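Everything below concerns the one structure shown next.
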Amino acid sequence: MSGLEQRQLEPEILDGLAGDDPRALAARRDLRRINALMFQARIMASLLWKFVPRPPRRILEIGAGDGSFMLAIA
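According to my numbering, the sequence shown is numbered sequentially starting from 1.
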């Protein structure tokens, strides 16, 4: 068995850290770098325009860090 057969629910380490914890700051910095290198904001924006032709008045972002990713799309 590979261990993938059973789902395990555990909180992410980042969820338990204070917003100003150096580990949290470093993790968010790394995520920003990865998203930039992979053109994630550009890809997400093009997909949103494809499936949502008119800009919505509001977008709810859940579980996506500090909100900087969606801000890059807006």
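Using N, Cα and C, we set each Cβ at its ideal position, and we do this for glycine too. All of these numbers come straight from a predicted model, not from anything done at the bench.
Residue range of the alpha helix (DSSP H) that residue i falls in?
i   : result
Q8  : Premise fails: Q8 is in no alpha helix (DSSP H) and is neither H nor E.
A18 : Looking at the DSSP string, A18 is not in any alpha helix (DSSP H), and its letter there is neither H nor E.
I62 : That residue, I62, is in no alpha helix (DSSP H); it is neither H nor E in DSSP.
M44 : 40-51
So residue i packs on residue j, CB below 8 Å; how close in whole Å?
i   : j   : result
A24 : L31 : With 8 Å as the limit, A24 and L31 do not qualify as a contact, their Cβ atoms being about 11 Å apart.
Leaving aside the five residues before and after residue i along the sequence, list all residues of the same chain whose C-beta is less than 7 Å from its C-beta, in chain order.
i   : result
L14 : A24, A27
A41 : N35, F69, A72, I73
I'd like the list of long-range same chain contacts for residue i, defined as Cβ closer than 6 Å, with 5 residues on each side in sequence excluded.
i   : result
M44 : I73
Leaving out the 5 sequence neighbours to the left and right, which residues in its chain are closer than 8 Å to residue i when beta-carbon positions are compared?
i   : result
G75 : Residue 75 is absent from the model: the chain starts at 1 and stops at 74.
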